[in-house]
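J.: Chains as they are written, first to last, in my numbering: chain A, 11 to 985; chain B, 45 to 127. C-beta: ideal position from N, C-alpha, C; glycine also. Treat the numbers as computed from the prediction; the structure is a model and nothing was measured.
(1) So, at 8 Å on beta carbons, what are the nonlocal neighbours of residue 593 (chain A) in its own chain, with the 5 sequence-adjacent residues on each side left out?
(2) Are any of the Cβ atoms in chain A nearer than 8 Å to that of residue 87 (chain B)?
(3) Of all the options B:75, B:112, B:66, B:61, which has the alpha carbon lying nearest to the alpha carbon of residue 103 (chain B)?
(4) Quick one: what's got a C-beta closer than 7 Å to residue 447 (chain A)'s C-beta in the same chain, skipping five residues either side?
(5) Output needed in chain order: residues of the segment 247-258 of chain A with a Cβ under 8 Å from some Cβ in chain B.
(6) Counting only C-beta atoms, is residue 45 (chain B) closer than 8 Å to chain A at any point?
(7) How far does the beta strand (DSSP E) with residue 443 (chain A) in it extend, from its first residue to its last?
(8) For residue 461 (chain A), go through chain B and note every residue whose CB falls closer than 8 Å to its CB, in chain order.
(9) Quick one: residues in its chain with C-beta nearer than 8 Å to the C-beta of residue 504 (chain A), no 5 flanking neighbours on either side, listed in chain order?
(10) Spell out whether any CB of chain B is found under 8 Å from the CB atom of residue 733 (chain A).
(11) Whose CA, out of A:872, A:422, A:677, lies closest to the CA of residue 502 (chain A)?
(12) Say whether the segment 955-973 of chain A touches the segment 217-230 of chain A, bearing in mind that this needs 3 or more beta-carbon pairs closer than 8 Å, one atom from each stretch.
(13) Is the Cβ of residue 112 (chain B) closer than 8 Å to any Cβ of chain A?
(14) Hey, which unbroken runs of the alpha helix (DSSP H) at 4 residues or more fall wholly within the segment 36-78 of chain A?
(15) Might you give, ordered along the chain, the residues of its own chain that have their beta carbon closer than 7 Å to the beta carbon of residue 849 (chain A), omitting 5 neighbours on each side?
(16) Flag residue 877 (chain A) as yes if its beta-carbon sits less than 8 Å from any beta-carbon of chain B, otherwise no.
(17) For a test of the three-state rule: what should DSSP assign to residue 30 (chain A), helix, strand or coil?
(18) By a C-beta neighbour count over all protein chains shown, 10 Å radius and 16 as the cutoff for buried, is residue 890 (chain A) buried or exposed?
(19) Give the interface partners of residue 98 (chain B) over in chain A, defined as CB-CB distance under 7 Å, in chain order.
(20) Would the segment 942-961 of chain A count as touching the segment 72-91 of chain B if we require 3 or more Cβ pairs under 8 Å?
(21) Terminal residues of the continuous beta strand (DSSP E) containing residue 644 (chain A)?
(22) With distances taken between CB atoms, is the gap from residue 89 (chain A) to residue 78 (chain A) smaller than 8 Å?
(23) Indicate the three-state DSSP secondary structure (helix, strand or coil) for residue 401 (chain A) in the structure shown.
(24) Is residue 118 (chain B) close to chain A? Criterion is C-beta to C-beta, closer than 8 Å.
(25) Around the Cβ of residue 80 (chain B), are there at least 16 other Cβ atoms within 10 angstroms (buried) or fewer (exposed)?
(26) Go ahead and pull the three-state DSSP assignment for residue 291 (chain A).
(27) Under a Cβ-count criterion, where at least 16 other Cβ atoms within 10 Å of its own Cβ denotes burial, should residue 934 (chain A) be classed as buried or exposed?
(28) Is the Cβ of residue 92 (chain B) closer than 8 Å to any Cβ of chain A?
(29) Leaving out five residues before and five after residue 970 (chain A) in sequence, what residues of the same chain have Cβ atoms less than 6 Å from its Cβ?
(30) For the alpha helix (DSSP H) containing residue 84 (chain B), list its first residue and its last residue.
(31) Report the option in B:83, B:98, B:109, B:115 whose CA atom is closest to the CA atom of residue 92 (chain B).
(32) From which residue to which residue does the alpha helix (DSSP H) around residue 518 (chain A) run?
(33) So is residue 726 (chain A) in contact with chain B if we call contact Cβ pairs under 8 Å?
(34) Would residue 917 (chain A) and residue 944 (chain A) qualify as a contact pair, given that the criterion is a beta-carbon distance under 8 Å?
(35) Which residues in the same chain as residue 73 (chain A) place their Cβ atom closer than 8 Å to its Cβ, once the five residues preceding and following it in sequence are excluded?
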């Protein structure tokens with residue numbers, strides 16, 4: 011039933027509309043929540059509880075109301091007592107079948123004694139083969155809405171913010187603290203969970219409403235405060251890195267789907283002002299629709315002009331209970347009985363199943379009514395403080411927890427800090443806000459002083475610089491009103507009111523409404539041995555539901571304390587972890603932004619139908635339609651491949667040879683100008699880390715190449731060596747991976763093709779031999795680097811040209827080599843070519859445990875060098891383990907038409923003795939070829955091994971004489 | 045994420061850095077026994093409390109530097125510097 015206009019009501023009676031509730035039309039005003047509109051229509055039963063399917067109504071009329079989770083359109087688990095009603099919404103109850111009124115699953119109540127705590131640990135276990143059936147049945151009983159897989163995805167960008175002071179909570183304390191901090195010069199972000207600022211003032215008396223208006227005006231008029239309502243500070247991490255979630259943002263999708271946005275806020279100081287959350291009372295029937303908390307009835311009456319019932323009984327233990335009595339009377343509700351807990355009165359039980367019908371008091375009397383209001387105490391929402399490392403302390407005099415030791419950058423104000431009059435709370439909050447601003451200013455100055463390249467607070471120095479990312483453009487350094495030199499602001503102490511400790515009546519009732527855990531369940535858990543709050547929580551799942559302890563934790567602690575004979579302080583609390591309130595996965599995911607790298611020749615590859623290969627962040631051409639044909643073309647004519655992703659590092663300085671000697675396993679002291687050498691790097695555990703070729707371009711100028719996936723790792727590795735091990739060495743490294751476009755020209759006709767496009771380099775074999783490097787002009791581009799290396803096993807020149815000319819050079823080669831039969835080849839063809847030559851790929855033919863002598867690199871490892879990274883382990887592998895361990899070998903499947911899949915195991919009876927690491931059909935030889943890791947005992951050429959194909963079939967293969975299957979002498983390279 | 049104090053760039057979010065391990069003396073590779081070497085490779089002290097570590101400012105100045113960090117509170121400082 012709707013009441014007449016209330017002072018401070020938040021509904022707009024001019025704007026009326028309807029929405030649908032389980033198929034029926036419900037009238038609402040703008041400003042109604044879904045539940046307030048339902049309550050105004052006289053409805054009381056909104057859901058069924060999780061386990062027992064008991065009818066549930068509204069309890070708290072706030073975000074956390076456990077009986078008010080609804081399906082709204084395709085959005086499940088909407089908080090119906092928080093979500094605003096809108097025209098045309100399709101709202102449905104969850105977890106009920108066939109209907110809310112008649113729920114077949116309520117049969118659970120009849121077998122309740124078999125559904126004791128932890129019943130899922132004890133039932134539905136055997137026989138195991140029935141698990142799929144159990145799952146199907148249990149799924150129907152699970153408390154949740156449904157998600158449609160067809161819901162379109164909306165990507166919401168995350169935001170980064172750097173407020174000086176973040177105020178969590180927009181009640182009177184939060185508002186006062188935010189204003190005081192902003193007036194002291196701080197940039198403030200104010201976050202409030204409800205739809206409007208004001209906290210409990212919103213449903214207060216005339217004085218409260220006047221103070222509310224004043225505070226709201228002050229916030230609006232004070233510059234420097236960013237306000238977000240319907241938002242929550244979801245987590246606080248090290249260094250006040252906080253997650254702020256903005257809720258219910260429009261998505262633009264039909265049907266009114268809402269999305270959330272995540273703000274990652276690095277706050278210098280966090281002010282926690284969440285107020286207090288009213289706690290329910292535990293007694294028989296405490297979950298029957300019609301049992302409400304005092305804040306619930308005051309919200310309904312004051313904010314939404316809804317009459318919560320006709321005839322009420324009130325259990326009051328504090329002034330808010332008294333205020334509820336006054337509000338009820340003013341709303342025309344007959345208050346049949348007031349039980350004053352301060353005078354020792356108590357209730358025993360509520361009678362009624364689908365709704366309150368009568369209340370039996372502890373003195374034995376029974377009062378008929380349809381509404382029971384309890385005001386038995388307050389819980390401090392200390393989650394954010396706990397996330398900051400605080401262990402709140404329980405005060406039995408006040409019957410709640412208080413902060414005990416906060417770090418420098420976190421302050422608490424409002425109900426969390428104490429009680430007192432509104433003026434006292436505001437004074438405390440103002441001082442807190444000023445102190446927060448002072449600490450933020452101090453921190454800001456300390457951070458700026460920590461940057462040695464920037465001068466101290468000096469307008470002249472900053473005037474000419476745009477310092478990105480620090481927001482200093484707005485910052486007034488010269489006239490900082492609150493200097494860090496000031497002493498701490500004196501924050502007045504707040505009084506703490508006495509409050510009776512009321513947790514459970516003499517009967518048993520529901521403790522956790524979401525999880526359907528009763529006080530009896532908790533006591534049974536303790537009796538079964540789960541006698542600490544952490545264990546009892548996990549065993550019964552109390553506080554593990556959607557409300558996450560906000561309304562039930564203290565009652566759970568009190569019950570466990572009672573059962574173990576300890577005090578609440580001794581029992582302690584569970585650990586609060588982020589998120590404080592539920593966050594959608596969409597907010598956490600944001601918009602995926604993954605950079606993709608293309609070489610300058612990409613437009614040509616696309617135009618010629620290259621099949622794309624994703625190689626890390628790079629997109630490379632895998633092949634152009636027929637990789638086998640590409641291989642044959644390289645072996646018979648000439649092919650070109652885009653190898654731009656290869657890592658390239660430009661090394662300069664007199665100490666480069668010492669660096670190369672340290673990081674490579676082979677010798678590098680004597681490398682003449684114009685020569686190139688292959689090198690392998692190992693890490694300090696002897697494991698093969700990377701390989702590549704390095705050429706000497708000048709007296710103190712080298713160019714190193716690495717694998718494409720190792721490009722940044724090798725750069726970091728070299729910098730590590732230079733900066734931490736040998737800061738005395740003079741070497742400068744410039745990464746040039748993307749500064750050069752790289753093209754490998756390979757095949758018998760390679761010299762002819764290169765000759766047509768190159769100036770300034772004598773290409774005769776005697777003048778420019780294998781493993782040598784020259785610079786010259788290629789396709790008109792000066793300073794191009796050419797080196798002769800042999801990954802594919804053919805005569806080949808690898809070109810490195812300034813990247814802007816990459817496409818031009820590529821197109822020139824394709825054009826000038828037409829009559830030579832030039833054709834592009836891709837990564838797949840290159841893999842086949844190198845496999846034919848037995849060249850290993852680090853990470854493919856080796857893994858994270860493959861040390862040097864297991865990679866066919868015996869010839870490269872020079873143990874007579876003084877020191878190099880990996881030497882001790884390689885020496886032990888060679889000397890101590892000689893004969894054991896694994897070896898890299900070439901493998902020839904006996905059936906040449908069979909290509910064993912890579913990673914196929916090599917077996918000896920039941921033992922695994924190796925695996926196939928690389929495997930392809932060779933177009934050159936017309937049969938399959940492999941590289942494999944096998945135990946040393948089986949590595950001798952000619953040994954027959956057994957390969958186990960996926961599926962179990964066993965086939966034979968022989969270890970080859972050399973790793974290379976084609977041209978093992980390497981004669982084709984040296985022409 | 046935790047704040048790491050880069051000596052050149054000031055306090056920055058840890059995501060900009062690459063952790064490069066606990067700072068420990070490297071045994072002489074010529075004379076260390078396998079046991080000593082492998083203790084160096086695989087068994088950092090990993091204390092609860094203060095530890096000196098090496099960090100690399102990957103997405104910043106690209107310098108390696110030593111940092112003293114309290115593994116309990118994640119507060120950190122440059123060796124000899126203020127917290």
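T.: According to the data block:
(1) 244, 253, 255, 270, 272
(2) no
(3) B:61
(4) 174, 175, 191, 194, 195, 196, 492
(5) 247, 248, 249, 251
(6) yes
(7) It is not in any beta strand (DSSP E) - residue 443 (chain A) instead sits in the alpha helix (DSSP H) that spans 432-459.
(8) 52, 53, 54
(9) 427, 428, 429, 430, 434, 435, 438
(10) yes
(11) A:422
(12) no
(13) no
(14) 44-50
(15) 801
(16) yes
(17) strand
(18) exposed
(19) 734
(20) no
(21) No beta strand (DSSP E) holds residue 644 (chain A); the alpha helix (DSSP H) holding it covers 637-646.
(22) yes
(23) coil
(24) yes
(25) exposed
(26) coil
(27) buried
(28) no
(29) 900, 902
(30) 78-86
(31) B:115
(32) It is not in any alpha helix (DSSP H) - residue 518 (chain A) carries neither H nor E in the DSSP assignment.
(33) yes
(34) no
(35) 89, 91, 92, 203, 204, 591
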